[in-house]
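**Q**
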Amino acid sequence: MASKYFLNRRFSLSNSCLKPLQQFHAHLIVSNSHQSLYLLTKLLTLYCTTGSIKHTHQLFLTIPSPDSFLYSTLINSTTKFHFPLHSIYFYHRMISSCVWPSSYAFSAVLKACAEVSGLLLGRVIHCHVLAFGYGLNVFVQAGLVSFYAKCGELGVARKVFDGMLVRSVVAWNSMISGYEQYGYANEAVGLFGRMRDSGVEFDSATFVSVLSACSQLGAIGLGCWVHEYVRNHGLYLNVVLGTALINMYAKCGNVSKAREVFDSMEEHNVASWTAIISGYGMHGHGKEAMELFKLMKFRGPPPNSVTFIAVLSACAHAGLVQQGREAFAAMTRDHGLVPKMEHHVAMVDMLGRAGLLDEAFQHLKDLDSVGPAPAMWTAMLGACKMHKNVNLGVQVAEHLLAAEPEISGHYVLLSNIYAMAGRTDRVEVVRNMMIQKGLKKQVGYSTVEIDQKTYLFSMGDKSHVETTAIYQFLDELMQQSRAAGYVPVSESVMHELEEEEREYALRYHSEKLAVAFGLLKTKQGMTITIVKNLRMCEDCHAALKFISVICSREIIIRDKLRFHHFQNGSCSCMDYW
DNA sequence: TTAGGGTTAG
Numbered sequence: 001m002a003s004k005y006f007l008n009r010r011f012s013l014s015n016s017c018l019k020p021l022q023q024f025h026a027h028l029i030v031s032n033s034h035q036s037l038y039l040l041t042k043l044l045t046l047y048c049t050t051g052s053i054k055h056t057h058q059l060f061l062t063i064p065s066p067d068s069f070l071y072s073t074l075i076n077s078t079t080k081f082h083f084p085l086h087s088i089y090f091y092h093r094m095i096s097s098c099v100w101p102s103s104y105a106f107s108a109v110l111k112a113c114a115e116v117s118g119l120l121l122g123r124v125i126h127c128h129v130l131a132f133g134y135g136l137n138v139f140v141q142a143g144l145v146s147f148y149a150k151c152g153e154l155g156v157a158r159k160v161f162d163g164m165l166v167r168s169v170v171a172w173n174s175m176i177s178g179y180e181q182y183g184y185a186n187e188a189v190g191l192f193g194r195m196r197d198s199g200v201e202f203d204s205a206t207f208v209s210v211l212s213a214c215s216q217l218g219a220i221g222l223g224c225w226v227h228e229y230v231r232n233h234g235l236y237l238n239v240v241l242g243t244a245l246i247n248m249y250a251k252c253g254n255v256s257k258a259r260e261v262f263d264s265m266e267e268h269n270v271a272s273w274t275a276i277i278s279g280y281g282m283h284g285h286g287k288e289a290m291e292l293f294k295l296m297k298f299r300g301p302p303p304n305s306v307t308f309i310a311v312l313s314a315c316a317h318a319g320l321v322q323q324g325r326e327a328f329a330a331m332t333r334d335h336g337l338v339p340k341m342e343h344h345v346a347m348v349d350m351l352g353r354a355g356l357l358d359e360a361f362q363h364l365k366d367l368d369s370v371g372p373a374p375a376m377w378t379a380m381l382g383a384c385k386m387h388k389n390v391n392l393g394v395q396v397a398e399h400l401l402a403a404e405p406e407i408s409g410h411y412v413l414l415s416n417i418y419a420m421a422g423r424t425d426r427v428e429v430v431r432n433m434m435i436q437k438g439l440k441k442q443v444g445y446s447t448v449e450i451d452q453k454t455y456l457f458s459m460g461d462k463s464h465v466e467t468t469a470i471y472q473f474l475d476e477l478m479q480q481s482r483a484a485g486y487v488p489v490s491e492s493v494m495h496e497l498e499e500e501e502r503e504y505a506l507r508y509h510s511e512k513l514a515v516a517f518g519l520l521k522t523k524q525g526m527t528i529t530i531v532k533n534l535r536m537c538e539d540c541h542a543a544l545k546f547i548s549v550i551c552s553r554e555i556i557i558r559d560k561l562r563f564h565h566f567q568n569g570s571c572s573c574m575d576y577w
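In UniProt numbering, the protein residues as written are 1 to 577.
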């Protein structure tokens with residue numbers, strides 16, 4: 001319903017804008033001005049602005065000898081209004097008509113290539129850049145850096161970037177953003193450090209990418225530095241920068257700071273609303289997430305598909321099943337949004353976590369006609385493990401292993417389920433299957449940030465210079481924990497491939513090492529924040545409750561799915577994860 | 001004599 005409304009609206013908007021343009025065009029012909037390339041260029045741009053590529057193209061075909069400027073403007077406009085294929089077509093027309101391209105044409109067509117992920121085409125255009133002598137043009141070079149970075153060719157992007165004699169802020173931003181977008185957050189932060197040293201002035205786009213990198217790393221120290229800089233230099237907190245800050249604070253463990261930023265922003269859009277709802281959700285604050293969602297419906301922009309993923313996920317992590325069901329129904333009923341696979345995954349996850357395994361399974365089976373995605377089976381399998389339903393778990397795992405036989409995580413989950421049921425014979429079978437297929441358990445790692453520097457630990461890691469002190473301190477902590485009543489949860493390591501690794505693995509999981517290091521390196525009373533790439537294991541979850549009491553510290557762990565705040569012997573997730 | 005490259009939520 002809603003999309004139909006927007007379609008009609010767009011259609012009528014185009015129509016109402018087109019008429020005066022057509023009148024203007026008619027006027028040009030009547031007054032014999034239709035030979036003026038200047039006026040025709042203007043008219044082409046305006047047609048493009050209305051979204052009517054058909055009229056733009058038709059007008060172009062009537063122009064006998066377009067010049068370089070007209071082509072550049074046309075390529076630029078078609079790219080700007082998201083007709084990348086037309087942009088590439090007009091570029092081709094220009095080259096084959098032997099019109100000498102300007103540097104402007106290259107910036108624009110490279111952007112169009114990036115939009116369609118046309119790596120091969122972009123490479124050809126890179127050759128043209130060199131052939132036409134624009135290899136050292138600052139704008140074209142920045143365009144190339146941006147193009148290669150967006151296509152994930154970070155090495156090539158970096159080569160062009162390093163070869164620049166003058167590096168504009170946009171070139172720096174493109175390179176930093178490329179690293180961040182492809183998950184190389186450390187490289188993004190590192191390059192930002194070099195940018196600081198080089199004396200180039202940052203702008204809000206620099207900070208948006210750096211803040212996203214901080215979010216990935218849990219690097220709140222650097223994130224706060226950026227926030228301070230923005231405040232001290234009077235940079236306007238636009239909606240994009242504000243959203244990046246909300247996301248950074250939420251993902252670095254400080255959701256109340258995220259809320260402060262949200263409240264201080266002059267303008268909110270659907271992304272900023274979604275960011276704060278999602279932030280509350282990942283910390284298990286479902287009530288606050290739903291209150292904001294209510295407020296959004298009352299005075300914000302209409303929620304979109306991403307907003308509903310955040311809402312359903314917030315309900316899942318807080319056990320708000322009824323509200324989740326209602327939101328799922330409202331999605332189509334009130335907002336005309338068709339649930340995508342991600343929404344179904346969130347529903348299965350929510351119902352499964354709440355122990356409503358039959359309903360979750362039914363939701364999954366109802367999608368049989370379209371074929372439920374592996375992610376739905378994964379959510380279902382996770383729920384079976386959580387609620388110790390071995391029979392259903394095995395049934396679900398069979399589907400999942402048939403669909404994705406190469407994902408080691410599925411085998412690990414299944415072996416956990418067998419281990420819980422005491423079926424060590426089956427654990428062994430699953431383990432052998434993994435060995436036969438040459439699959440290895442995904443390596444878990446945890447990071448902790450101290451004085452704006454991020455330290456990474458993996459299981460049994462001994463690469464750190466202070467390894468001896470860290471292990472000694474961790475052993476002391478575990479000893480004190482045991483004296484206080486902690487019992488190791490050995491199930492958590494049943495999936496380790498080698499027998500002798502188990503005891504060792506349990507004692508020196510990456511999150512325990514990162515916590516020990518964090519405690520050693522920070523002052524008493526300071527909160528420790530750890531980021532883990534996988535879900536945290538049950539044993540570490542149990543141990544950290546004790547450690548939070550022994551050290552009188554708040555310990556925050558962000559795992560693959562959500563946040564855990566350990567304080568005074570309990571966790572904010574209430575063991576509901 | 002008209003114009004450019006970079007940035008948010010899952």
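Cβ coordinates follow ideal geometry from the N, Cα and C atoms, glycine included.
According to DSSP, is K80 part of a helix, a strand, or is it coil?
**A** K80: helix per DSSP, three-state reduction.
**Q** Should the segment 229 to 238 be regarded as contacting the segment 209 to 217, the criterion being three or more beta carbon pairs within less than 8 Å?
**A** no
**Q** Which residues bound the beta strand (DSSP E) around Q567?
**A** F563 to Q567
**Q** In whole angstroms, give me the CA-to-CA distance for F192 and F546.
**A** Computed Cα separation, rounded: 39 Å.
**Q** Considering only C-alpha positions, which residue in the set V270, E342 and I555 is nearest to T243?
**A** V270
**Q** Consult DSSP for E466 and reduce its assignment to one of helix, strand or coil.
**A** coil
**Q** Excluding the 5 residues flanking L37 on each side, which residues of the same chain have their C-beta closer than 6 Å to its C-beta?
**A** D67 and L70
**Q** Can you check whether the CB of Y104 is closer than 7 Å to the CB of S146?
**A** Taking 7 Å as the Cβ cut-off, S146 and Y104 do not qualify as a contacting pair.
**Q** From the DSSP output, in three-state form, read off I276 for me.
**A** DSSP places I276 in helix when its eight states are reduced to three.
**Q** Check C113 in the structure and name its three-state DSSP category.
**A** Note: C113 maps to helix in three-state DSSP.
**Q** Report yes if the C-beta distance between I417 and V396 is below 7 Å; otherwise report no.
**A** no
**Q** Output needed for L217: all residues of its chain with C-beta closer than 8 Å, excluding positions within five of it in sequence on either side, in chain order.
**A** A185, N186, V189, T447, E449, T454 and V531
**Q** Do the segment 325 to 335 and the segment 301 to 311 make contact, defined as three or more Cβ pairs closer than 8 Å?
**A** yes
**Q** Would a C-beta distance cut-off of 7 Å place Q524 and S548 closer than the cut-off?
**A** no
**Q** Just to confirm my understanding: we take M380, look at its own chain, exclude 5 residues before and 5 after, and list those with CB closer than 7 Å. What are they?
**A** V348, G352, A360, F361, L364 and V396
**Q** Are the beta-carbon atoms belonging to Y182 and G152 less than 7 Å from one another?
**A** yes
**Q** Give the DSSP bridge partners of V99, in chain order.
**A** Answer is none; V99 lacks a bridge partner.
**Q** Using a Cβ distance threshold of 8 Å, determine whether the segment 87 to 97 contacts the segment 105 to 117, with at least three qualifying pairs required.
**A** Short answer: they touch.
**Q** Sorted by chain position, which residues of the same chain lie with C-beta nearer than 6 Å to S572's C-beta, five sequence neighbours on each side aside?
**A** Closer than 6 Å at the Cβ level, and outside the excluded window around S572, lie G284 and H565.
**Q** If contact is defined by three or more beta carbon pairs under 8 Å, each pair taking one atom from either stretch, is the segment 73 to 93 in contact with the segment 41 to 49?
**A** yes
**Q** Run through the DSSP bridge pairs and tell me what L456 is partnered with.
**A** T447
**Q** Excluding the five sequence neighbours on either side, which residues of its own chain have a C-beta within less than 6 Å of the C-beta of M341, listed in chain order?
**A** A373
**Q** Can you find at least 3 beta carbon pairs, one from the segment 431 to 438 and one from the segment 511 to 529, that sit closer than 8 Å?
**A** These segments do not touch.
**Q** Taking the alpha-carbon positions, what's the A542 to V515 distance?
**A** 14 Å
**Q** Taking only runs that begin and end inside the segment 380 to 432, name each unbroken alpha helix (DSSP H) of 4 or more residues, in chain order.
**A** As far as the segment 380 to 432 is concerned, its whole alpha helix (DSSP H) runs of at least 4 residues are 390 to 403 and 408 to 420.
**Q** How is L497 classed by DSSP in three states: helix, strand or coil?
**A** Its pLDDT being 47, under 50, L497 is placed unreliably by the model, and nothing is read from it.
**Q** At 4 residues or longer, what runs of the alpha helix (DSSP H) sit wholly inside the segment 506 to 544?
**A** 510 to 521
**Q** Give me the DSSP bridge partner(s) of I557.
**A** Looking at the DSSP assignment, I557 forms a beta bridge with I530 and H564.
**Q** With distances taken Cα to Cα, identify the nearest neighbour of E260 among L245, V429, Y89 and K251.
**A** L245
**Q** I need the DSSP call for F6, collapsed to helix, strand or coil.
**A** Here F6 scores only 32 on pLDDT, less than 50, and its place in the model is too uncertain to base an answer on.
**Q** Using only CA atoms, which one of C252, A171 and G300 lies nearest to E267?
**A** In terms of Cα proximity to E267, the closest of C252, A171 and G300 is G300.
**Q** Given this structure, state the Cα-to-Cα distance separating F161 from L136, to the nearest angstrom.
**A** The alpha-carbon atoms of F161 and L136 are separated by roughly 11 Å.
**Q** Just confirm the distance between the C-beta atoms of V200 and V169, as a whole number of angstroms; I'd bet it's less than 8 Å.
**A** Between V200 and V169 a beta carbon distance of about 6 Å is seen, short of the 8 Å cut, so the two are scored as contacting.
**Q** Check C571 in the structure and name its three-state DSSP category.
**A** strand
**Q** Look at R562 and M282 and say whether their C-beta atoms are less than 7 Å apart.
**A** In this structure, M282 lies closer than 7 Å to R562 by Cβ.
**Q** Distance check for F132 and W100, CA to CA, integer angstroms please.
**A** 8 Å
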